[in-house]
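Below is one structure, written out as structure tokens; the observations come after it.
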Amino acid sequence: MRLNFFIIYFALFSLISGCASNTPAPVIEKKITSEKSTTLQKNKPAARIKRDPNQPCPDTYIVKPGDTLYSLSLDCGFYYKEVAQANDIKEPYAIKVGDKIKFDQVKTNNPVATSNEIKKNEEVVTTPLKNNEEAISNAEAPAQPQTKPATNAIVHLNNPKAYREAYTDEAFNRKVATPQSQTTNNPPPATPKEAAPIVLEDKVDWQWPTKGKLENLFNEAQGQKGIDILGSLGQEIKAAGPGKVIYSGEDLKGYGKLVIIKHNNSYLSVYAHNKELLVKEGQVITKGQKIATMGDSGTDKVKLHFEIRKQGQSVDPTNFLGQP
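Read left to right, the sequence shown gives residues 1228 to 1551 (our numbering).
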């Protein structure tokens, strides 16, 4: 009986000792990379390599990461649809890295947005021309039989008393080239004096686009391309000068609902973060005309981000607007 007890005890002791001496299985740590996170990293949009604003817009530009047709057109001071047409880019105007964007043809064909600077208190008539109706530059001039214009006819562009049509190169060429009815009994027109040079005004009669507190001032080095004016939701935004609307929409990232006005071949003005857009592309507007209402689209507070660009380069708006 005692012998059996010792045998059982010895067997149990051996079993327990054997279990204790076993080496535990090694733990292998495996780093698991989420397939979703990898996909997100691959799909993350590349940061835009900004074009040097101190360099003129090149004749041909190679698209870099982060570029869009809208951003490139704005940087160079062109209407994005003009750039798209010159480069045969169809809607939705997608471009990819390595594409060549040609600006030289856009520079050649780029029209003037408005005829001239409009002086204060000057009456402007914007009634479209009827068929065969000529723009009247002097309301007191007597009516004359219409004759075919001479090729070197003098065209007055500076400070006319009335505008029948906004001046553009296309409109000007159409007016000069269009033959008018000719009366055979009329004597030939007198030989005009030497043609005066056509001067396209480079100045704009600026005004503040809205009232409010200035929050951020122009600082090109820090990426602040304009000024921010704080205000209330729905506050009126007015055109800072006469011109033509070349963009009205919200396709340009970071600007929200945006209006861009071209004043002449040199100057653009930019109105960003609006609540409501009240003008359309191609619309000719006057200084002080209501073009939008203030909002917070594309930003974190109600404000107007306002820029002035000369030859595509950002300039300090306060140097042009004067005292608010």
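Backbone N, C-alpha and C fix where the C-beta goes; we use that ideal spot for every residue, glycine too.
With contacts defined as CB atoms closer than 8 Å, L1531 and I1456 qualify as a contacting pair. In the three-state reduction of the DSSP assignment, T1295 falls in the coil class, being assigned neither a helical nor a strand state. Taking C-beta atoms as the reference points, Y1474 and Y1320 fail to come closer than 8 Å. DSSP places V1310 in the uninterrupted alpha helix (DSSP H) bounded by Y1307 to A1313. A direct Cα-Cα distance of roughly 36 Å separates G1522 from G1325.
Residue state for Q1540 is assigned as strand, using DSSP reduced to three classes.
Note: V1511 is bridge-paired with K1471 in the DSSP secondary-structure output. A residue is called buried once 16 or more other Cβ atoms fall within 10 Å of its Cβ, and K1507, having fewer, is exposed.
In this structure A1466 is not in contact with G1509, their Cβ atoms being roughly 15 Å apart against a cut-off of 8 Å. Taking each of I1454, I1289 and K1528 in turn and checking the Cα distance to K1327, the smallest one comes out for I1289.
Within the same chain, Cβ atoms closer than 7 Å to the Cβ of S1493 are found at D1429, K1537 and Q1538, the five residues on either side in sequence being excluded. If you compare the alpha carbons of N1546, G1476, G1525 and K1440 with that of Y1297, the shortest gap goes to G1476.
When the five nearest sequence neighbours on each side are left out, the beta carbons in the same chain lying within less than 7 Å of the beta carbon of W1433 are those of A1467, G1468, F1547 and L1548, in order along the chain.
For T1520, the enclosing beta strand (DSSP E) stretches over residues K1517 to M1521.
According to DSSP, residue pairing for Y1498 in a beta bridge involves V1486 and F1533. In the three-state reduction of the DSSP assignment, E1447 falls in the helix class. When DSSP reads this structure, G1476 sits in a beta bridge with L1485. Counting along the chain, the unbroken alpha helix (DSSP H) around T1545 starts and ends at T1545 to L1548.
I1322: not part of any beta strand (DSSP E); DSSP gives it neither H nor E.
DSSP lists K1329 as the bridge partner or partners of T1287. The Cβ atoms of K1471 and V1497 lie no closer than 8 Å to each other.
When the alpha-carbon of G1525 is set against those of V1542, P1544 and Y1482, the nearest one is in Y1482. Collapsing the DSSP output to three states places L1301 in a helix.
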